[in-house]
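One structure is given below, encoded as structure tokens.
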Amino acid sequence: MNQVTRKHVEITAHDLPLTCPQPSSTLWNSHPKVALRLDEHGVAHCPYCSTEYQFKGEMPKGHH
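The sequence shown runs contiguously to residue 121 in my numbering.
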């Protein structure tokens with residue numbers, strides 16, 4: 058049985074706007090940079106690597 062292991066990353070307002078891979082990621086295993094939108098629960102999933110991003114703290118009311 059194949060089991061997918063997802064990476065889980067907690068993010069804060071400092072990490073917005075959210076992109077994957079993150080600036081701290083290693084280059085050897087990176088994919089094209091993609092902007093991610095947080096859902097109403099503060100969660101986003103990368104379509105390339107399946108990393109799950111979870112916003113920690115109070116969600117921002119909005120930003121441009």
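The beta carbon of each residue, even a glycine, is placed where N, CA and C say it ideally should be.
What is the C-beta distance between residue i and residue j, in whole angstroms, given that I count them as a contact (C-beta under 8 Å)?
i	j	result
LYS113	THR69	6 Å
LEU93	TYR110	6 Å
PRO78	SER87	5 Å
Could you check where the beta strand (DSSP E) with residue i kicks off and where it finishes?
i	result
HIS65	65–68
HIS88	Segment: none, HIS88 is in no beta strand (DSSP E) and carries neither H nor E.
GLN79	That residue, GLN79, is in no beta strand (DSSP E); it is neither H nor E in DSSP.
GLU109	109–112
Does DSSP classify residue i as helix, strand or coil?
i	result
HIS102	strand
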